[in-house]
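To start, the structure itself, in structure tokens.
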Amino acid sequence: MSTAADQIITALRAGHEELAALVRDLKEDDLLQPSGASEWQVSQVLSHLGSGAEINLATLDAARTGAPGPDGDFNRGVWARWDAMAPAEHAAGFLATNERLVEAYEALDAETRASMRIDLGFLPEPVDVATAARFRLSEFALHQWDAEVAFNRFAAVTPGAVALLLDQVGGMLAWTSRPQELAGEATLLVRLHAPERTFGLRLGEKVEVVDAPERPDGELVAPAEAWLRLATGRLGPQYTPDGVLVTGSVTLDDLRRVFVGF
Numbered sequence: 013m014s015t016a017a018d019q020i021i022t023a024l025r026a027g028h029e030e031l032a033a034l035v036r037d038l039k040e041d042d043l044l045q046p047s048g049a050s051e052w053q054v055s056q057v058l059s060h061l062g063s064g065a066e067i068n069l070a071t072l073d074a075a076r077t078g079a080p081g082p083d084g085d086f087n088r089g090v091w092a093r094w095d096a097m098a099p100a101e102h103a104a105g106f107l108a109t110n111e112r113l114v115e116a117y118e119a120l121d122a123e124t125r126a127s128m129r130i131d132l133g134f135l136p137e138p139v140d141v142a143t144a145a146r147f148r149l150s151e152f153a154l155h156q157w158d159a160e161v162a163f164n165r166f167a168a169v170t171p172g173a174v175a176l177l178l179d180q181v182g183g184m185l186a187w188t189s190r191p192q193e194l195a196g197e198a199t200l201l202v203r204l205h206a207p208e209r210t211f212g213l214r215l216g217e218k219v220e221v222v223d224a225p226e227r228p229d230g231e232l233v234a235p236a237e238a239w240l241r242l243a244t245g246r247l248g249p250q251y252t253p254d255g256v257l258v259t260g261s262v263t264l265d266d267l268r269r270v271f272v273g274f
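Residue 258 in the working numbering sits at position 246 of the sequence shown, and the numbers go up by one each step.
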């Protein structure tokens with residue numbers, strides 16, 4: 013029977029193969045194209061994913077061996093080294109380093125996937141393999157879109173990743189959103205499809221997912237993939253698919269101002 017860790021590791025492999033197929037064919041000019049991340053070129057997205065893979069791999073290795081995990085100095089050294097690379101080195105480095113990370117996750121046997129705990133360094137306690145891998149999948153899937161949309165404005169977050177990330181995105185909204193951008197408070201009914209979800213979205217002093225309201229101030233209907241991108245600041249007008257509809261006291265542009273992502 014497939015576990016959550018199994019599913020997430022499978023999604024990490026699928027995402028790597030998809031993005032690697034694109035990256036292998038990119039030329040120097042392609043790497044300098046603006047990405048879906050507003051301040052980054054494609055090469056900088058790959059640098060971020062590659063340096064993140066290196067840090068994640070060190071963290072995973074520490075958990076496997078019982079050694080101390082990487083600290084802030086280690087991380088800063090990794091980032092500085094990747095920042096100094098040329099665009100072509102970002103691409104090649106991403107391909108090699110992310111492959112090693114995915115292989116390391118794949119090498120974990122069933123018992124280890126169930127029992128090992130990983131200290132990510134920014135949470136109060138170590139987490140299980142599924143949680144650690146899900147953090148990486150969230151980062152990878154969204155930045156994969158950042159790279160792919162540079163060459164295809166109809167790009168979408170891969171369906172396998174959407175299904176695994178959808179129920180976790182609400183937990184970060186209080187930290188990544190700007191409810192002060194709204195003139196007042198509102199509670200929306202949110203109806204998603206592919207996969208289907210129905211819930212409430214309260215926009216007040218903070219943004220939070222709540223039970224579906226009986227008398228909402230408005231409604232958001234969207235593909236689940238589009239909601240995931242909206243919640244992470246990636247649903248600009250040029251990247252909004254058909255089927256996204258907002259009615260009531262809040263507009264889609266209002267929501268774009270609230271959800272600035274990370």
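We treat Cβ as the ideally placed atom computed from N, Cα and C, and that holds for glycine.
Check: Would you call the region 106 to 117 and the region 60 to 72 in contact, with 3 or more CB pairs under 8 Å?
Finding: Touching, yes, given that three or more Cβ pairs across the two stretches are closer than 8 Å.
Checklist line | Assigned exposure category for Gly230 - 16 Cβ within 10 Å defines buried | finding: buried
Check: Three or more C-beta pairs closer than 8 Å, one from the region 110 to 127 and one from the region 136 to 154: is that the case here?
Finding: yes
Notebook entry, point to check: For the alpha helix (DSSP H) that Val222 lies in, which residues bound it at each end?
Noted result: Careful: Val222 lies outside any alpha helix (DSSP H), inside the beta strand (DSSP E) at Val219 to Val222.
Next item on the list: Along the beta strand (DSSP E) that carries Leu215, what are the first and last residues, could you check?
Entry: Residues Arg209 to Leu215.
Note to self: Do Ala234 and Gly255 count as a contact pair if the criterion is CB distance below 8 Å?
What the structure shows: yes
Checklist line | Spatial neighbours of Gly196 in its chain, beta-carbon cut-off 7 Å, leaving aside the 5 residues before and after | finding: Hits under 7 Å: none found.
Notebook entry, point to check: Per DSSP, Leu204 forms a beta bridge with which residues?
Noted result: Arg209 and Ala234
Notebook entry, point to check: Hey, which unbroken runs of the alpha helix (DSSP H) at 4 residues or more fall wholly within the region 23 to 97?
Noted result: Taken in chain order, the complete alpha helix (DSSP H) segments of 4 residues or longer contained in the region 23 to 97 are 40 to 43, 54 to 77 and 84 to 95.
Check: In terms of alpha-carbon separation, which member of Val219, Leu58 and Ala16 lies closest to Ala100?
Finding: Leu58
Check: If you draw a straight line from the alpha carbon of Leu132 to that of Met184, how long is it in whole angstroms?
Finding: Leu132 and Met184 have their C-alpha atoms spaced approximately 17 Å apart.
Next item on the list: Counting only runs of 4+ residues fully inside the region 116 to 184, write out the alpha helix (DSSP H) ranges in chain order.
Entry: 122 to 127, 141 to 160 and 171 to 177
Check: Gln250 to Pro225, Cα distance in whole Å?
Finding: Taking the straight line joining both Cα atoms gives about 31 Å.
Next item on the list: Determine the contact status of Ala153 and Leu34, defining contact as a CB-CB distance below 8 Å.
Entry: no
Next item on the list: Check Thr263 in the structure and name its three-state DSSP category.
Entry: coil
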